[in-house]
Amino acid sequence: MNFSAFNSSSWKAESVLISAGFSVIFLLGTLGNSLVLAVLSRNGQMNTKTTNLFILNLGIADLCFILFCVPFQATIYTLDQWVFGPVLCKVVHFIIFLTMYASIFTLTAVSLDRYLAICYPLRSREMRTPKNALTSICLVWILALVFSGPYLSYYTQMDLAGTVVCIPAWESKPRIIMDVCTFIFGYLIPVLVLGLTYARTIRYLWTSVDPVKDMSESKRAKRKVTKMIIIVAALFCVCWLPHHLVILCMWFGRFPLNHTTYVLRILSHLVAYTNSCLNPIVYALVSKHFRKGFRKVFSCTLRRTEVNKVHVIQAVNTVSSVETSN
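Numbering of the sequence shown is given in UniProt numbering, commencing with residue 1 and proceeding in unit increments.
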């Protein structure tokens, strides 16, 4: 994910645009995921809703991904060399892959949770408990640690012709194996799970009829949930596919190191990172309950601002009165 070794002064204009793009992603991702965490932390049903626990974990993973990935990548495309030292060279990339896996595995867990909740609402009650959700979240992070652990040695700081860079240190064969494993376990298998669970969920929604509800209402609910499912699956697949295709083309196709491929690599990064900005929208903003939560967060913030202004005005008036009396 680090291409600082391939930097040219003729691309300074592109570097500025890239930095601007990373800045937008950073601001939107930080704001969106922070709002999700704020709403969930204020939600009284946090400890009783398994879906909220998964969304909370997704928000944490995406927020960490944004915080630890985007600023460093922005500096890589802005500065001429790596300036953060050998320790951060290893740690930063490890955290990037750790949070990437955690986010992807959480998305997969959410799809399974939604499948059970919709297709087996009664039988899954005993399974979909907060305790089991927390256990699943712990398993998500354990798996993320296992798959991202090798990246602690994958990258290293080197001095190439007087330029300090942070680049992969492994030989070609181990790197190929590692990148293929990342594609399989970090994209292909989650996509297959997402596709299977969402396909079965869509089939259930469109073939089953709830006799308690009116037919038209049932159809509207099916379309709404189906649209949500399609958006979730499509965004995940579309955002991460270019990144993995670029890596695979580097090893198994014709992908020379030139200006065009340099731009393609950067664009694949930008699109992949954008997924962490879109997840709060997909999982939170489309929800009526989350929209109410966002309003409460903003209203509380505005209320606190107004209270602080009143206190300041009162303090100023008090001081003025004292000075006048003296």
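Note that beta-carbon positions come from the ideal geometry of N, C-alpha and C, so glycine has one too.
Query                                                                                                                       : Result
Residues bridged to cysteine 166 (per DSSP)                                                                                 : Gln157
Of the listed residues Ser148, Leu278, Pro121, nearest to residue 329 (C-alpha basis)                                       : A query on residue 329 cannot be resolved here, the shown segment of the chain reaching from 1 to 326 and no further.
Contact under 9 Å by Cβ, valine 92 with phenylalanine 68                                                                    : yes
Local Cβ density within 10 Å of tryptophan 206, reported as buried at 16 or more and exposed below that                     : exposed
Neighbourhood of valine 164 by C-beta distance below 7 Å, restricted to the same chain and skipping five residues each side : Gln81, Trp82, Gln157
Cα-Cα separation between arginine 114 and leucine 56, rounded to whole angstroms                                            : 15 Å
Any non-hydrogen atom of the ligand GDP closer than 8 Å to valine 110 Cβ                                                    : The ligand GDP is not among the ligands present in this structure, which contains no ligands whatsoever.
Coil, strand or helix - serine 286 by DSSP                                                                                  : The sequence given here has valine at residue 286, not serine. The answer is coil: DSSP assigns valine 286 none of H, G, I, E or B.
Exposed unless 16 or more other CB atoms sit within 10 angstroms - verdict on histidine 244                                 : buried
Segments of 4+ residues assigned as alpha helix (DSSP H) that fall wholly inside the segment 10 to 77                       : 12 to 42
Same chain, Cβ closer than 6 Å to serine 276, five either side skipped, listed in chain order                               : Gly29, Asp62, Phe65, Ile66
CB of tyrosine 154 within 9 Å of CB of methionine 127, strictly                                                             : no
Burial state of histidine 269, where buried means 16 or more other Cβ atoms lie within 10 Å                                 : buried
Residue nearest to valine 70 in terms of C-alpha spacing, selected from Pro86, Phe97, Val191                                : Phe97
CA-to-CA distance, cysteine 237 to alanine 117, given in whole angstroms                                                    : 23 Å
C-beta atoms of valine 140 and threonine 182 nearer than 9 Å                                                                : no
DSSP-derived helix/strand/coil call for methionine 127                                                                      : coil
Spatial distance of glutamate 171 from leucine 88 (CA atoms)                                                                : 21 Å
Boundaries (first-last residue) of the alpha helix (DSSP H) holding valine 180                                              : 172 to 183
Proline 280, enclosing alpha helix (DSSP H) - first and last residue                                                        : 259 to 280
Host alpha helix (DSSP H) of arginine 254 (start-end)                                                                       : Note, arginine 254: premise wrong, no alpha helix (DSSP H); not H, not E.
Per-residue burial, valine 232 [other beta carbons within 10 Å of its own, 16 or more giving buried]                        : buried
Continuous alpha helix (DSSP H) stretch holding glycine 149: start and end                                                  : First-last for glycine 149: undefined, no H or E at that position.
CB contact flag (isoleucine 18, isoleucine 266, <9 Å)                                                                       : yes
Isoleucine 167 to alanine 199 span [Cα, whole Å]                                                                            : 40 Å
Option in Gly59, Tyr204, Phe252 with minimal Cα separation from proline 121                                                 : Tyr204
Close beta carbons around phenylalanine 22, own chain, < 7 Å, minus the five adjacent residues each side                    : Val70, Gln73, Ala74
Buried or exposed (CB count within 10 angstroms, at least 16 for buried), leucine 31                                        : exposed
Pairwise C-alpha distance: leucine 145 and serine 111                                                                       : 21 Å
Valine 252 burial status per 10 Å Cβ neighbour count (16 or more: buried)                                                   : Contrary to the premise, residue 252 reads as phenylalanine rather than valine in this sequence. Result: exposed.
Status (buried if at least 16 other CB within 10 Å, exposed otherwise) for asparagine 258                                   : exposed
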